[in-house]
Structures are given as structure tokens and as C-alpha cells.
Amino acid sequence: MFHSARIKLTAWYLLIIMLVSMSFSIVIFRVLTSELDRFERIERVRIERRFPPPILFDRADIDEIKDRLMLRLAAINIIIFAGSALAGYFLAGRTLKPIADMVDEQNRFITDASHELRTPLTSLKSEIEVNLRSKTLSIETAKKLLQSNLEEVNALQTLSDGLIKLTQYQKGANGMPVEPVKLTAIVKEAVRKMATSAAAKHISIETNVSNISLEGNPPLLTELFVILLDNAVKYSPKGKMVRITSQKKDSHVIIHIEDRGIGIHPEDIPHLFDRFYRA
Numbered sequence: 001m002f003h004s005a006r007i008k009l010t011a012w013y014l015l016i017i018m019l020v021s022m023s024f025s026i027v028i029f030r031v032l033t034s035e036l037d038r039f040e041r042i043e044r045v046r047i048e049r050r051f052p053p054p055i056l057f058d059r060a061d062i063d064e065i066k067d068r069l070m071l072r073l074a075a076i077n078i079i080i081f082a083g084s085a086l087a088g089y090f091l092a093g094r095t096l097k098p099i100a101d102m103v104d105e106q107n108r109f110i111t112d113a114s115h116e117l118r119t120p121l122t123s124l125k126s127e128i129e130v131n132l133r134s135k136t137l138s139i140e141t142a143k144k145l146l147q148s149n150l151e152e153v154n155a156l157q158t159l160s161d162g163l164i165k166l167t168q169y170q171k172g173a174n175g176m177p178v179e180p181v182k183l184t185a186i187v188k189e190a191v192r193k194m195a196t197s198a199a200a201k202h203i204s205i206e207t208n209v210s211n212i213s214l215e216g217n218p219p220l221l222t223e224l225f226v227i228l229l230d231n232a233v234k235y236s237p238k239g240k241m242v243r244i245t246s247q248k249k250d251s252h253v254i255i256h257i258e259d260r261g262i263g264i265h266p267e268d269i270p271h272l273f274d275r276f277y278r279a
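Under UniProt numbering, the first residue of the sequence shown carries the number 1, and numbering increases by one thereafter.
Here you go:
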């Protein structure tokens, strides 16, 4: 699709450049030939009136000069055509590249989102189909099925909410309200939200964060810390510790979240911020 669009855009570039070039060539040819014709008329008058000394120019010489001028202008236009074709193709590629990258990113997003949505839907469908085929479905089993279905629905809702937030974040930070916040308050709220998950694995969360003031969006900052802590708790063995520390450097704050998990393979590190990527 983008190859044909690149060819079409190159053709438009080439058409515009050649129209300008041909227009200039015609103007130059007209001006120069008119000067030659004027010079010829002056010489004819000088000869007729016997003004000395006449400079004789044959009409054939003037026609030859015009022909050479036309050929040189044509050669220049051919060179411009070839150079413009190459330059236009290159510029068309540069122009369309951001659009192509954006479309590829959207296609990857749709593919990844479909894959993430398919997992809970497949689980939900399988559980329902299995229990529908059962001839001895009891009330207790039906309740467990509904409970499991509710968990899958909640997972779908969480995923859809995350996708909506992701599209909002991609619009840029200009639409996000910011206000002065305390880093300790943000971290404390995130730790509170993760308390139940951490307690289930007997994991303690230790914080050593400076009470630094910064400009930010409190709900989004809290959600960011919850995501990082959830990842640390999820991949840490039972009974271990997760530690949060901060370090101020010039006008920035560096946050360290350390856990005792399995770690990340070096090959996966460049993909950490890719959507839906899982090491």
C-alpha cells in the first residue's frame, strides 16, 4: 500500500518540479531568441542604411544558435527530471515513513489487544461449554462457575479500561492535569493498594523515599507505582522483601524498586516498554 502511495507522491513531486522547470526553460528560450531576433533586425537596418562597420550575421547562424539553445535546455530538463525523480522518491519515503510507522503501530496494537482479549474469552467460553455438557451440574458447581466467570469478566473489564487509558496517554501529557504532589504520599497510597497482594505471599514492602515535592498527576503516578509494585510482588518468591528508594538528581527524581525475583534476561530489556510485551 505504501509503496504505491510512495510512487504516486513521487509522481506528483516530479510533475510539479518539471512544470516549474519547463516554464523557466520556455521563458529563457523566448527571452534569448527575442534578443537574437532583435540583434538581427538591428544588423539588417545597419546594412540597409550603410552604417559602418556592419557585423554580418547569417540567418542560418542565428537558427543554429537557437537550435543549440533548445538542445541545451532540453538536456538540462532531462537532468532535472532524473535528479528530481530520485530526490522525489527519497523525499516521498521520508514523508510517508511516519505515517507508515503509525499504521504499523496501530496494526500491532490491534493484534496484541485481540490476543489479550482472546485469552479470558476463551477461558470463559470453555468453562461454560464444559459445564453445559455436564448432566450432573449442581448448585455448588454452578456457583463456582459463576464466580470463575465473574473473575474473567473483571479481567476483561480491567483490560478494556487499560486500553482506554492507553489511548488517552498516547494523546500526550498536554491533556493531563498536573499539580504539586508529595512523593511520599504517592508511594504510601500505592503500597496501601498492594498490601493485600503482598500479604498473600508474605512479602514486605519497605520504603525509604524522600518527601520530595514534584509536579504530576496523582492518580496516574499512583497507578504507575502500583504497576511496578505488582510486577515486583508477582515475580518475587514468598517471604521476600520489596524495597523502594528515591534519589534526587538535579531537577529529577530517580526511583529504585528492588525485588528478589527471577530477573529479566538481557535480551528482553530493550522491549520492556513495548505494549503487551512479557519477558
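Note that CB positions come from ideal geometry on N, CA and C, so glycine has one too. Model, not experiment: these values are computed from the prediction.
Reference residue i; option with closest CA among the options
i, options, result
"I262", "I255, L159, A232", "A232"
"N149", "G162, D161, P120", "P120"
"H3", "I99, D63, Q247, S160", "I99"
"T167", "R94, F109, L183, L272", "F109"
"A74", "I255, S25, E258", "S25"
"K144", "E127, K97, R133", "E127"
"K249", "I186, T10, L71, L214", "L214"
"R243", "K182, E116, R260", "R260"
"G83", "A199, L14, L96, Q147", "L14"
"L221", "I80, K188, A200", "K188"
"D67", "P180, L36, E223", "L36"
"P219", "Q147, P180, K238, S251", "P180"
"K238", "E223, L224, H252, S204", "S204"
"A155", "S123, K97, A142", "S123"
"W12", "G88, R38, D63", "G88"
Residue i to residue j span [Cα, whole Å]
i, j, result
"I164", "A113", "11 Å"
"E105", "T136", "49 Å"
"N211", "H202", "27 Å"
"E152", "T158", "10 Å"
"R118", "V130", "18 Å"
"R275", "V103", "15 Å"
"V226", "I139", "37 Å"
"residue 280", "I79", "Residue numbering for the chain in the displayed model covers 1 to 279; residue 280 lies beyond these limits and cannot be assessed."
"I65", "D101", "53 Å"
"D161", "A198", "24 Å"
"R133", "K240", "44 Å"
"I28", "P270", "58 Å"
"T245", "A200", "23 Å"
"S236", "I186", "22 Å"
"N107", "E116", "14 Å"
"Q34", "I16", "Residue 34 is actually Ser in this sequence, not Gln. Cα to Cα, the separation comes out at about 27 Å."
"T207", "T95", "49 Å"
"K8", "H265", "45 Å"
"L146", "D268", "38 Å"
"F273", "L224", "13 Å"
"A142", "K97", "54 Å"
Helix, strand or coil at residue i [DSSP, three-state]
i, result
"M241", "strand"
"H202", "coil"
"N131", "helix"
"T111", "helix"
"residue 319", "Here the chain has residues from 1 to 279 only, and residue 319 is not among them."
"I139", "helix"
"I76", "helix"
"I17", "helix"
"N154", "helix"
"H271", "helix"
"V253", "strand"
"G261", "coil"
"S34", "helix"
"N217", "coil"
"N211", "coil"
"S84", "helix"
"S236", "coil"
Residue i and residue j closer than 8 Å at C-beta
i, j, result
"N217", "V191", "no"
"S23", "N77", "no"
"T10", "A60", "no"
"L228", "V209", "no"
"F90", "M18", "no"
"R6", "G93", "yes"
"L71", "L32", "no"
"Q247", "I254", "yes"
Chain D within 8 Å of residue i, Cβ atoms only
i, result
"A142", "The structure shown contains no chain D; it holds only a single protein chain."
Next on the checklist: Measuring CB atoms only, is the stretch 193 to 201 touching the stretch 232 to 250, in the sense that at least three cross pairs come out at less than 8 Å?
Outcome noted: Counting Cβ pairs under 8 Å, three or more are found: they touch.
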